[in-house]
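Below is one structure, written out as structure tokens, with a few remarks after it.
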Ligand SMILES: [Zn+2]
Ligand SMILES: [Zn+2]
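In our numbering, the protein residues as written are 71 to 310.
Right, dumping it as structure tokens:
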């Protein structure tokens with residue numbers, strides 16, 4: 071597939087839906103067509119989610135408070151996502167790894183998800199960091215692109231530099247089971263400026279949450295350095 075790396079160039083060229091191949095009308099829907107956006111399950115206060123990690127509970131009852139049982143030992147307080155990792159939203163997350171641009175349909179969905187978390191004016195926004203090596207390869211951090219958006223929308227200060235990834239995790243993390251993922255990110259994050267973290271409430275932002283292991287280990291580092299709370303917001307949430 072021809073990939074236009076310059077978002078300005080791709081704005082003027084017609085885009086074909088990365089999900090179904092139909093022509094995408096207008097730029098606000100990004101790389102997916104309207105029909106594929108309408109198939110995405112966006113998450114709301116009424117969605118059947120794990121109260122802590124925000125996992126979509128396939129057999130859950132809407133609005134019921136439930137726990138998935140797999141996030142008890144995670145170090146963040148709560149995690150929520152704009153929608154499930156499917157159709158237009160998964161295509162958008164994948165494209166965001168190549169092009170640092172969030173189409174307005176995705177930006178609005180992320181904005182709507184902020185109030186799903188107990189976020190107040192005393193929070194600071196931080197992205198889940200990429201390793202230096204990965205950042206050099208890619209040229210940008212997709213989580214930072216989303217964190218800047220959240221910071222601007224919610225009018226909260228942004229700190230992109232106090233939390234760093236000190237160790238690269240393996241590339242093929244999707245093939246790992248939960249235990250292997252947990253082990254691969256343990257000790258992968260560190261806080262460089264603890265004075266800026268102490269007693270602060272952190273809103274951690276990432277593109278997609280799968281097992282929650284990365285978010286949990288970020289939260290572990292932040293809390294070890296005195297963060298009062300860590301909540302996690304992601305654009306998408308893996309199903310299952
Ligand atoms: Zn489509
Ligand atoms: Zn859970």
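The C-beta atom is built at its ideal place from N, Cα and C for all residues, glycine as well.
{"Query": "Supposed contact pair residue 259 and residue 275 - C-beta distance, whole angstroms, cut 8 angstroms", "Result": "Actually they are not in contact, since the Cβ atoms of residue 275 and residue 259 sit about 14 angstroms apart, beyond 8 angstroms."}
{"Query": "For residue 98, the three-state DSSP class (helix, strand or coil)", "Result": "coil"}
{"Query": "Euclidean distance between Cα positions of residue 292 and residue 123", "Result": "17 angstroms"}
{"Query": "Inter-stretch contact (C-beta, 8 angstroms, three-pair minimum) for the region 266–286 and the region 188–197", "Result": "yes"}
{"Query": "Cβ-Cβ distance between residue 94 and residue 103 below 8 angstroms", "Result": "yes"}
{"Query": "Sequence-distant residues of the same chain with beta carbon closer than 6 angstroms to residue 72, five excluded per side", "Result": "A caution first: residue 72 carries a pLDDT of 46, below 50, which makes its placement in the model unreliable, though a value can still be read off. Around residue 72: no qualifying Cβ."}
{"Query": "Below 6 angstroms from a heavy atom of ligand 1 - residues by beta-carbon", "Result": "87, 89, 90, 92, 102, 103, 105, 106"}
{"Query": "Near ligand 2: residue 140 beta-carbon under 7 angstroms from a heavy atom", "Result": "yes"}
{"Query": "Heavy atom of ligand 2 within 7 angstroms of residue 123 beta-carbon", "Result": "yes"}
{"Query": "Cβ-based neighbour list, residue 309, same chain, cut-off 7 angstroms, excluding 5 preceding and 5 following", "Result": "126, 154, 155, 156"}
{"Query": "Outcome for residue 189 when other beta-carbon atoms lying within 10 angstroms are tallied against a minimum of 16", "Result": "buried"}
{"Query": "Test item: CB-CB of residue 300 and residue 272 under 8 angstroms", "Result": "yes"}
{"Query": "Nearest-angstrom Cα separation, counted from residue 263 out to residue 129", "Result": "43 angstroms"}
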